[in-house]
Amino acid sequence: MCITQSKGMAHLIKIKCLNCETYLWSDWTSKKSNDVHLDINVRAVAALKESGISHSKFDRFCGLMSMPCMHRNTYNNLANIVNTAIIEAGEECMIRASAVVHGRNISQPLTTDERISSTGCPVITVSFDGTWHKRGHSSHSGIGTVIDFDTGLVIDTEVLSNYCHVCDSNTAELNFDASKHMCQKNFSGSANAMEAAAASKIFSRSVASRKLVFGTMLCDGDSKSHSSAITNSGYDVEILKEDCINHISKRMFNALNNLKMSNKKELNYRLTKPKIEKITNYYSKALRQNAPDIQKMKLAVMGSFFHMMSSDLDHNHRLCPDGATSWCHFKRSEALKQPYKKHNQTITSEIGKLLFPIMKRLTDTDLLKRCSRMGTQNANESFHSLIWQRCPKTEFATLKTVRAATYLAVLAFNNGPVGIRSVFDILGIPWTLKNISSSEKKQNVKLQLVRKRKSIALVSRRKNLKKTKN
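Take the sequence shown: its position 173, counted from the start at 1, is 173 in full-length UniProt numbering, and no numbers get skipped.
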């Protein structure tokens with residue numbers, strides 16, 4: 001028995017008769033997927049893409065393990081085939097997700113939006129957010145994604161890149177015709193402009209490609225994406241804008257922090273970071289507990305603000321809720337006819353005068369209307385983490401690499417660990433019992449983690465409730 005030929009990670013094994021020296025049997029150590037490429041090599045490339053491991057790291061791993069590794073050219077050729085399959089599977093997944101959303105709105109009409117489009121397509125609420133491969137304005141790749149608010153399914157995504165390493169190199173010295181290569185640049189603007197451009201492309205094709213009208217857009221407060229969507233969507237209904245409650249809370253923190261930085265002499269040791277966090281938490285809690293009633297939200301925020309300025313000498317609780325179950329200890333003691341608790345001011349009246357304009361601005365009626373649904377972009381943030389698991393931000397990545405990672409993230413986000421099976425089916429790679437058990441194990445671990453988090457949150461809520469009653 002001897003190995004006479006190698007292709008990547010597969011070998012051709014032959015059995016030769018020692019007497020007559022003729023070969024009696026030969027076969028590859030791996031079968032061919034779609035009768036073209038060896039299964040082990042295609043499977044390895046797909047696994048590397050799913051794991052976010054580059055060829056150079058894989059080569060290093062194989063070297064240390066004393067294993068054969070495929071040549072870079074072999075890897076690149078197979079990567080193009082795998083990328084095509086990933087994009088095809090990801091696009092089919094988003095079309096199926098759109099069909100689910102469409103069917104849900106037909107069977108349960110007017111669930112999220114009472115408006116009707118002349119196109120006959122359901123008008124739905126979506127969350128939109130952008131993410132970049134690098135922090136700051138130096139990123140060459142950006143992604144915009146739309147997720148259905150009700151089902152939490154990724155409906156569409158757009159990947160943009162303003163850089164191509166071949167075009168950027170000195171092609172004259174390399175004696176290379178740049179017009180014949182597959183350019184990795186599909187956007188000419190800055191990294192900052194990618195989010196708005198992605199929103200424009202996604203919204204403009206929603207009716208044709210998804211049979212849906214994105215009538216309400218939940219975003220992070222940046223009006224550029226919303227304005228771009230309105231300009232290029234071609235809808236006959238207005239695209240309404242809603243703000244993420246988490247970003248609204250961040251506005252309070254940033255506004256207080258900026259106030260402190262601009263008044264260091266007065267506020268440096270009086271408006272500390274713990275106090276800023278406490279005020280922000282009170283603001284966020286007041287909004288969440290009283291939504292969607294705008295007036296109650298406004299009164300709750302102002303009530304907590306004046307509550308923090310009250311003291312034993314100056315009871316400033318006129319806006320605090322009445323009753324024995326009130327969160328305000330003063331009002332609670334008053335209702336139960338018990339002695340008042342001694343307490344000091346969280347913020348002084350002098351600091352309160354500086355904070356009042358911020359409180360007034362962040363309780364504006366229009367602002368509160370936009371966040372009254374208490375919607376968040378948590379789903380988008382979760383989806384972004386799946387992308388960068390498959391395309392680490394620490395390594396350079398071309399458009400095709402980022403796009404493949406994005407579509408793999410779509411499959412994982414919408415279908416779970418078994419999502420990549422559709423890629424294997426397109427490539428003609430068998431989905432084995434080991435693949436099934438591995439994906440089921442991963443799914444079970446994920447479900448256990450969700451249950452654990454829910455139980456921890458429940459215990460925390462019970463403790464807070466007991467503290468309030470006491």
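Beta carbons are placed, not taken as given, at the ideal position from N, Cα and C, and that holds for glycine.
Asked, Found
"Sub-9 Å separation of residue 304 and residue 291 beta-carbons", "no"
"Endpoints, beta strand (DSSP E) assigned at residue 299", "Element bounds for residue 299: not the beta strand (DSSP E) but the alpha helix (DSSP H), 294-309."
"Whole-angstrom distance between residue 147 and residue 447, CA atom to CA atom", "21 Å"
"Alpha-carbon spacing of residue 298 relative to residue 309, whole angstroms", "17 Å"
"Burial state of residue 36, where buried means 16 or more other Cβ atoms lie within 10 Å", "exposed"
"Residues sharing a beta bridge with residue 141, DSSP", "161"
"Neighbourhood of residue 398 by C-beta, 6 Å cutoff - its chain only, sequence neighbours within 5 removed", "184"
"Beta-carbon proximity of residue 208 to residue 361, cut-off 9 Å", "no"
"Residue interval of the beta strand (DSSP E) (run including residue 211)", "No beta strand (DSSP E) contains residue 211, which DSSP labels as neither H nor E."
"Whole-Å CB distance - residue 420 paired with residue 427, under 8 Å assumed", "In fact, because the Cβ distance is near 10 Å, the residues do not count as touching under 8 Å."
"Cβ contact (3+ pairs, closer than 8 Å) linking the segment 335-351 and the segment 374-381", "no"
"Residues sharing a beta bridge with residue 124, DSSP", "214"
"Beta-carbon contacts of residue 472 that lie in its chain and below 8 Å, excluding the five residues immediately before and after", "In this structure the chain extends from 1 to 470, so residue 472 is not present and cannot be described."
"Helix, strand or coil at residue 93 [DSSP, three-state]", "helix"
"Secondary structure of residue 87, DSSP reduced to three states", "helix"
"Straight-line gap, residue 67 to residue 219 (C-alpha atoms, nearest Å)", "48 Å"
"Boundaries of the alpha helix (DSSP H) in which residue 259 is found, first to last residue", "245-262"
"Residue 456 in three-state terms, based on DSSP", "helix"
"Exposure of residue 248, with buried meaning 16 or more beta-carbon neighbours within 10 Å", "buried"
"Residue 8 to residue 288 span [Cα, whole Å]", "57 Å"
"Beta-carbon proximity check, residue 436 vs residue 372, cutoff 9 Å", "no"
"Residue 390 to residue 409 span [Cα, whole Å]", "8 Å"
"Host alpha helix (DSSP H) of residue 408 (start-end)", "399-415"
"DSSP bridge partner residues for residue 20 (one or two, in chain order)", "Bridge partners of residue 20: none, in fact."
"Euclidean distance between Cα positions of residue 262 and residue 243", "27 Å"
"Best match in 355, 52, 97, 134 for proximity to residue 152 [C-alpha to C-alpha]", "97"
"First and last residue of the uninterrupted alpha helix (DSSP H) at residue 40", "39-51"
"The segment 67-79 touching the segment 126-144, judged by at least three CB pairs closer than 8 Å", "no"
"Minimum C-alpha distance to residue 117 - residue among 181, 206, 54", "206"
"Burial state of residue 93 (16 or more Cβ within 10 Å)", "buried"
"Span separating the alpha-carbon of residue 58 from that of residue 125", "42 Å"
"Own chain residues within Cβ distance below 6 Å of residue 43, not counting five before or after", "429"
"Assumed close pair residue 245, residue 257 - CB separation to whole angstroms, cut-off 8 Å", "Contact doesn't hold; Cβ gap of about 19 Å is too wide."
"Residue 406 versus residue 451: straight-line alpha-carbon distance, rounded", "27 Å"
"Backbone secondary structure at residue 337 - three-state DSSP", "coil"
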